[in-house]
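With this note's numbering, letter number 206 in the sequence shown gets 196, and the count goes up by one each step, no holes.
No residue lacks a Cβ here, since even glycine has one placed at the ideal position from N, Cα and C.
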Amino acid sequence: MTVQEKALEVIRRLKEEYPATHCTLDYKDAWQLLVSVRLAAQCTDRRVNIVMQDLLEKYPSVETLAAADPSDIEKVVRPCGLGHSKARDISACMKVLRDQYGGRVPEDFNALLKLPGVGRKSANLIMGDVFGKPAIVTDTHCIRLSNRIGLVDNIKEPAKVERALRKIIPPEEGNDFCHRLVDHGRAVCTARNPECQKCCLADLCTYAEDRRGSKT
Ligand code: SF4
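Dropping the structure here:
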């Protein structure tokens, strides 16, 4: 089986396993997802969703958030950790949206990358989830599972994993595939204790094969 064939089979099985996948960050508008994804660094999506409710109550628009003092934003987002830098980035990002994009999020990967606090992972998430464009979101689950399954070969750097996956994942499948890797990473292929015995990918997976080999 080639790595492309393996990728297609993994996509097929994960679709069966997690038919209704979606981003677990709540949002109604693109700018809200932009803020949420910045808050999500080293924080759980569940906590981000709670903090976002408080933030949106106080600052319901790009304009109100852009006009807010970063120290006031920090008071609200502090429970997500790294409050100072997250508040600073959110403030700067909202100002750019207000001043350069009429309060809207640009539908352009490179323009997204230039926004304060927005890296490739966030830009991919916005392109895929908001604009329905091809996207590969290389978060911690994506990187761990891609390596274990054997879709990439011992690559840990997010941009390199993204590049390698783009070669083998059909563009229209990328966004949901990455969401399903998160689903599977949380449910079965956890960081410390992957439950290979109940995994739908066990017969395809390099990590599981190595485990079986080490027991024979
Ligand atoms: S077989 Fe094990 S290591 Fe491979 S994807 Fe499943 S749980 Fe993860």
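How many Å lie between residue i and residue j at the Cα?
{"i": "Pro106", "j": "Asp79", "result": "5 Å"}
{"i": "Asp129", "j": "Leu115", "result": "10 Å"}
{"i": "Ser204", "j": "Pro184", "result": "16 Å"}
{"i": "Asp62", "j": "Cys179", "result": "39 Å"}
{"i": "Arg201", "j": "Lys18", "result": "43 Å"}
{"i": "Val151", "j": "Asp143", "result": "9 Å"}
{"i": "Val172", "j": "Tyr91", "result": "31 Å"}
{"i": "Glu147", "j": "Cys168", "result": "16 Å"}
{"i": "Asp59", "j": "Leu46", "result": "15 Å"}
Can you tell me whether residue i sits near ligand 1, meaning its C-beta is under 7 Å from at least one heavy atom of the ligand?
{"i": "Asp8", "result": "Contrary to the premise, residue 8 reads as Tyr rather than Asp in this sequence. Checking every heavy atom of ligand 1 against the Cβ of Tyr8, none is found closer than 7 Å."}
{"i": "Cys189", "result": "yes"}
{"i": "Arg176", "result": "no"}
{"i": "Leu155", "result": "no"}
{"i": "Leu171", "result": "no"}
{"i": "Ile139", "result": "yes"}
{"i": "Leu135", "result": "yes"}
{"i": "Glu212", "result": "This structure does not reach residue 212, given that the chain is present from -9 up to 206, and the question cannot be answered."}
{"i": "Glu(-1)", "result": "no"}
{"i": "Cys132", "result": "no"}
{"i": "Pro160", "result": "no"}
{"i": "Ala125", "result": "no"}
What do you reckon, are the CB atoms on residue i and residue j nearer than 8 Å?
{"i": "Lys111", "j": "Val86", "result": "no"}
{"i": "Gly93", "j": "Val27", "result": "no"}
{"i": "Leu135", "j": "His174", "result": "yes"}
{"i": "Thr14", "j": "Asp35", "result": "yes"}
{"i": "Leu102", "j": "Pro96", "result": "yes"}
{"i": "Asp177", "j": "Cys186", "result": "It should be noted that the sequence gives Ala, not Asp, for residue 177. Contact: no."}
{"i": "Leu194", "j": "Ile139", "result": "yes"}
{"i": "Val108", "j": "Cys70", "result": "no"}
{"i": "Val(-7)", "j": "Ile159", "result": "no"}
Taking residue i as the reference, which of the options has the closest Cα?
{"i": "Leu72", "options": "Ala31, Gln(-6), Asn137, Arg201", "result": "Ala31"}
{"i": "Arg2", "options": "Val95, Pro184, Asp166, Ala149", "result": "Asp166"}
{"i": "Pro9", "options": "Arg170, Glu97, Val142", "result": "Arg170"}
{"i": "Leu229", "options": "Tyr197, Ala198, Cys190, Thr196", "result": "Here the chain covers residues -9 to 206 and nothing more, so residue 229 does not appear."}
{"i": "Ala77", "options": "Arg156, Thr11, Leu55, Ala177", "result": "Leu55"}
{"i": "Cys132", "options": "Gly122, Arg153, Lys123", "result": "Arg153"}
{"i": "Val25", "options": "Ala149, Ala57, Val67", "result": "Val67"}
For ligand 3, is there a heavy atom less than 7 Å away from the beta-carbon of residue i?
{"i": "Cys195", "result": "Absence of ligand 3 is noted for the structure shown, with ligand 1 being the only ligands found."}
query = Does the region -7 to 10 come close enough to the region 35 to 54 that 3 or more CB-CB pairs lie under 8 Å?
reply = no
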